[in-house]
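**Q** Residue numbers (the UniProt record's numbering): 1 to 1002.
Every residue gets a Cβ at the ideal spot worked out from N, C-alpha and C, and that includes glycine.
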Amino acid sequence: MVGPGCTLLFLVFFVLPRRMMNRLKHFSKGAKISFCPPKKRYPTIRPALFYAIYYVYLYRRSREGGREIMSALSILHRACLRLALLPLPLAPLRAPLRSSTLPRPLRLPRRAAMSSAASRMSHIAAAAASGESNQPAAADASGLGQEDDDLSLGYRLPPKEIQDIVDAPPLPVLSFSPSKDKILFLKRRALPPLSDLAKPEEKLAGVRIDGHSNTRSRMSSYTGIGIHKLMDDGTLGPEKEVHGYPEGAKINFVTWSHDGRNLSFSVRVEEEDNKISKLRVWIADVESGEARPLFKSPDIYLNAIFDSFVWVDNSTLLVCTIPVSRGALPQKPSVPSGPKIQSNETKNVVQVRTFQDLLKDEYDADLFDYYATSQLMLVSLDGTVKPMGPPAVYTSIDPSPDDKYLMLSSIHRPYSYIVPCGRFPKRVELWTADGKFIRELCDLPLAEDIPIATSSVRKGKRSIYWRPDKPSTLYWVETQDGGDAKVEVSPRDIVYMENAEPINGEQPEILHKLDLRYGGISWCDESLALVYESWYKTRKTRTWVVAPDKKDVSPRILFDRSSEDVYSDPGSPMLRRTAMGTYVIAKVNKQDGSTYLLLNGMGATPEGNVPFLDLFDINTGSKERIWESDKEKYFETVVALMSDKIDGDLPLDQLKILTSKESKTENTQYYLQIWPEKKQVQITKFPHPYPQLASLYKEMIRYQRKDGVQLTAKLYLPPGYDQSKDGPLPCLVWSYPGEFKSKDAAGQVRGSPNEFSGIGATSPLLWLARGFAILSGPTIPIVGEGDVEANDSYVEQLVTSAEAAVEEVVRRGVVHPDKIAVGGHSYGAFMTANLLAHAPHLFCCGIARSGAYNRTLTPFGFQNEDRTLWEATNTYVEMSPFMSANKIKRPILLIHGEQDNNSGTLTMQSDRFFNALKGHGVQSRLVILPFESHGYSARESIMHVLWESDRWLQKYCVNGTSKADSETAADGESKKLAASGGGAASEGLSSDGFSSIPRSLL
């Protein structure tokens, strides 16, 4: 026994503690998880024995064999428990689903002498709801009885009450016919499987491409098309299904013909090896619902990398197709022809954001050309095909309103390795509808040097469009400041107009000169157009009235206001459809002959949004309100004008509009409002998507920050909650900071207390089903008035905003002050990490998804910060929670998509932040989701995110440790637990029995 005993001791005390955890870290199925346990300090050698035993236990779970040594160690394991030498916080209280090849996990007897931590876990395991998995690798739903650091259990499912909401069938998307007499119900599927995301994809020039289908990867789709006739009384006729296409097809790009008699759409189907076919264009007759392929040849496929197809007229489409003559896929050279070289010997100043998925070499450029190059085809409904122009990387195809011309935009070489394809050289050409080249409108060079300052733009012609009120007139804008927002010049932008085919060499006509940055035009007719300009730095926005074809009428300012001041927003003009199929500003006539515009606004007020529809006299500025949303119970909005079947001005007494209507508990339905009686007719009767939450409580609350800024938030309470019986609840605070130039604007109320609470697949409102209070969207304004930069006081304003929100919900008595978690996505994750670092007195734990935590990795600006790292070094460093990782004392869950392509939020941001946290002993967990991008889409990924989040909230919020500070290095004391296993410590109780919330040290 001496030999085996020495060997055993050597393994226990020296070999296993150093090597086994390194092996186990990366042993996982599904999401990649890292776990950093809390740091503990023990004065004796007993922890080494315990951890050695536990390492062997984990080793046995992960590999077969080792049964002899486990037999001996099991005896020591049980002895530790009987003698109560150590708590065993990570004991397996419920076995996971296992493969038959895995050894049976070591089971521990339950003992009354178990530590409080183990007892607490027993409570969680017993209370957690179980769910059934349809995935062989996944374990059961709750998982809270599992080892906290068991990283090899695969994808998990959240509790059933959350699953049921996420898996609820999605409502269809509606599309009205051009004449507004028919409605398409575009049916959608539930969450896609992970296998859809796992398909191979190419990442080229900022675009992700499914090479097999020759389209964008990760593209959602419809599963069916239903056609309903809209009756004269406003009711819907029976549904007619579009049929004839392959069963199980994925449908995209559904468009109406100009006359509304036909539909065009793309179809792709599943093939062998879990691949999706290339896209084919199909046509459906609206009356019969019968669908058929557009092309007679089975060898012509749609190229949908950029544009797809457009109706040129009622019987002809222009389609981007994969060139039939395209050769084989370029092969990457086994040996490179030379090094990859970039040069700036000309000393150009080129500052760019952290774009992702860029071209890396000449092979990538060839691959991009291979997939993105299209051959344009003019195709008639009878199948006649005519190629148009040479193959090129066409990015948009735009017919003129009279269908006589086509404006074609394409990109070409030289490409760039530092900017995405939107900045590649761009050529815009004019062709006739029958395929004859007319002229080149512009050929813009590569735009690597667009300044990072907000409101900076590309040099040369931009925003080239057709005038919707004219048969074939073009308009565009050109910058006068070189595209650099920091250059002071007047005018800054000039808007031009020009006929498609200029007569006798006529030059472009100047429509208007702007001192701010051009923001678009709403066209009406030859005597009226509204031109918009704005400037982000000052938040100034102006609306000009111009007479496009009347040179004797001078432009004048109609509105001059702050874009932040939502209370002063007059609304936007409603548009009507013309006989050419374009949309222009609608004019309404009263019986006395007076003419008005229709202004549709959200109606922001201190009590919330009250949408409206006004008659507006463009000459006098007078208004008359002809419709307004219900203020007491419902939230209604104007969706579209329905009485525009004829050209010209609309009689007011024949007005018909489409509105939406919802309440706190009733989901959105659509109605017709018919004048002159203002009769209301309900069109849709969609079922409640999640009836189990139909009786939730929602309130828009208002409170004040200590510097006087008024703040708002939406407070949600679970259905059936009774404060007198149920007491204060655990709470999840979910938000996203915003920047403002004035305190008054930051304090304005946005949104309505009567809006229906839509719950997305990863919404924080899902935890209403788990008994949480949810504080959704508390305003976190970062204000920089005058010349002050808002981010220079980011942390201070962030903390004071959070303090005000927490104090308000605690004051109301509905939230337990020691059970408040904080979370956010993207910039909200950045906020979450900063709050845990600088306001540990407010929150017990945090959930941060897809965030950026080290701003030195985004040195040329981020969010709305347009100073560089070298211009604002202190701001970059102080805002970065990575730099304050040593200050974080609360548990934080980091989640990130492995293929995040959002500018700035590289996956390594979470990797490096987790390593910093782990290096300081912070309770933390990192979950990397395979194949997922900035937002998550696969069902397996979303369900696992919800399981991770629910586990985190149950463990560290509902049943978490006290709000007392963690042990310091000086005293080494452990955290104190309440008798209930997770409440407040006994010190510092206020008169109502809850811990008071200390103010920030800032």
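Return the CA-CA distance between G897 and E803, expressed in angstroms with no decimal places.
**A** Cα to Cα, the separation comes out at about 31 Å.
**Q** Quick one: is S974 buried, meaning 16 or more other Cβ sit within 10 Å of its Cβ, or exposed?
**A** In this predicted model, S974 has a pLDDT of only 35, less than 50, meaning its place in the structure is not dependable; the value taken from the coordinates is given anyway. S974 should be labelled exposed.
**Q** Can you tell which of L715, W675, A805 and A916 has its C-alpha closest to the C-alpha of D233?
**A** Considering only alpha carbons, the answer is W675.
**Q** Excluding the 5 residues preceding and the 5 following A872 in the sequence, name in chain order all residues of the same chain whose CB lies nearer than 8 Å to its CB.
**A** Hits under 8 Å: E789, N791, D792 and E865.
**Q** Report the three-state DSSP secondary structure of D493 (helix, strand or coil).
**A** Note: D493 maps to strand in three-state DSSP.
**Q** Given a threshold of 16 other Cβ atoms within 10 Å of its Cβ, counted over all protein chains shown, does G505 qualify as buried or as exposed?
**A** The residue is exposed, with fewer than 16 neighbouring Cβ atoms inside 10 Å.
**Q** What three-state label does DSSP hand V795 in the structure shown?
**A** Looking at V795 - three-state DSSP - the assignment turns out to be helix.
**Q** According to DSSP, what are the bridge partners of Y518?
**A** Beta-bridge pairing links Y518 to E533.
**Q** Flag this pair as yes or no: are the beta carbons of L329 and L376 separated by less than 9 Å?
**A** No, the pair does not count as a contact, with Cβ atoms beyond the cut-off.
**Q** Leaving aside the five residues before and after I276 along the sequence, list all residues of the same chain whose C-beta is less than 6 Å from its C-beta, in chain order.
**A** Same-chain partners within the cutoff: S213 and R268.
**Q** Using a Cβ-Cβ cutoff of less than 7 Å, which residues in the same chain neighbour I438 once the five nearest sequence positions on both sides are dropped?
**A** Here the set comprises L430, W431, T432 and E501.
**Q** Per DSSP, which one or two residues make a beta bridge with I820?
**A** Its beta-bridge partners are C731.
**Q** Hey, Y736 and M602 are a contact pair by Cβ (cut 8 Å); roughly how many whole angstroms apart?
**A** About 19 Å; that fails the 8 Å criterion.
**Q** At what residues does the alpha helix (DSSP H) containing A744 begin and finish?
**A** In the sequence under discussion, the amino acid at residue 744 is Asp, which differs from the Ala named in the question. Here the alpha helix (DSSP H) through D744 covers K743 to A746.
**Q** Determine the DSSP secondary structure at Q591, reduced to helix, strand or coil.
**A** In the structure shown, Q591 sits in coil (DSSP, three-state: anything other than H, G, I, E or B).
**Q** When you compare the CB positions of P606 and Q748, do they come within less than 9 Å of one another, or not?
**A** Yes; because the gap between Cβ atoms is below 9 Å, this pair is in contact.
**Q** Give me the Cα-Cα distance between A640 and I759, rounded to the nearest whole angstrom.
**A** Cα-Cα distance, rounded: 25 Å.
**Q** Any idea what DSSP makes of residue 1003, helix, strand or coil?
**A** Here the chain comprises residues numbered 1 to 1002, so residue 1003 is not present and cannot be evaluated.
**Q** From the DSSP output, in three-state form, read off E241 for me.
**A** In the structure shown, E241 sits in a strand (DSSP, three-state: E or B).
**Q** Leaving out the 5 sequence neighbours to the left and right, which residues in its chain are closer than 8 Å to S660 when beta-carbon positions are compared?
**A** So the qualifying residues of the chain are E636, T637, V639, T668, Q669, Y670 and Y671.
**Q** Given a threshold of 16 other Cβ atoms within 10 Å of its Cβ, counted over all protein chains shown, does S522 qualify as buried or as exposed?
**A** So S522 ends up on the buried side.
**Q** At least one CB of chain C closer than 9 Å to the CB of G603: is that the case?
**A** Absence of chain C from the displayed structure is noted, only one protein chain being present.
**Q** With 16 as the cutoff for other CB atoms within 10 Å, does Q723 come out buried or exposed?
**A** The residue is exposed, with fewer than 16 neighbouring Cβ atoms inside 10 Å.
**Q** Which same chain residues end up closer than 8 Å to V550 when comparing Cβ atoms and leaving out the 5 residues on each side of it in sequence?
**A** In the sequence as displayed, the identity of residue 550 is Lys instead of Val. These residues qualify, in order along the chain: E526 and S527.
**Q** Just checking, does the stretch 477-488 make contact with the stretch 370-390 on the three C-beta pairs under 8 Å criterion?
**A** Cβ pair count under 8 Å is below three, so no.
**Q** Once you ignore the five residues that flank K296 on each side, which residues in its own chain have a CB closer than 6 Å to its CB?
**A** The answer, listed in chain order, is G383.
**Q** Starting from the Cα of S941, find the closest Cα among V733, L953, I895 and K955 and give me that residue.
**A** The candidate whose alpha carbon is nearest that of S941 is I895.
**Q** Considering only the alpha carbon of each residue, which of L378, L263, L613 and R413 lies closest to L444?
**A** L444 has its Cα closest to that of R413, out of L378, L263, L613 and R413.
**Q** Where Q954 and Q909 are concerned, what is the direct C-alpha to C-alpha distance, given to the nearest angstrom?
**A** For Q954 and Q909, the distance between alpha carbons rounds to 26 Å.
**Q** From which residue to which residue does the beta strand (DSSP E) around K229 run?
**A** Y222 to K229 is the extent of the beta strand (DSSP E) around K229.
**Q** Just tell me which of P891, V945 and N901 has its CA closest to the CA of Q923.
**A** Considering only alpha carbons, the answer is P891.
**Q** How long is the line joining the alpha carbons of G154 and V166, rounded to whole angstroms?
**A** Rounded to whole angstroms, G154 to V166 spans 20 Å at the Cα level.
**Q** Measure the CB-CB distance between N589 and E662 and report whether it falls below 9 Å.
**A** Not a contact, by the Cβ cut-off of 9 Å.
**Q** So what does D560 bridge to, in DSSP terms?
**A** D560 is bridged to R542.
**Q** How far does the beta strand (DSSP E) with S266 in it reach, from first residue to last?
**A** N262 to R268 is the extent of the beta strand (DSSP E) around S266.
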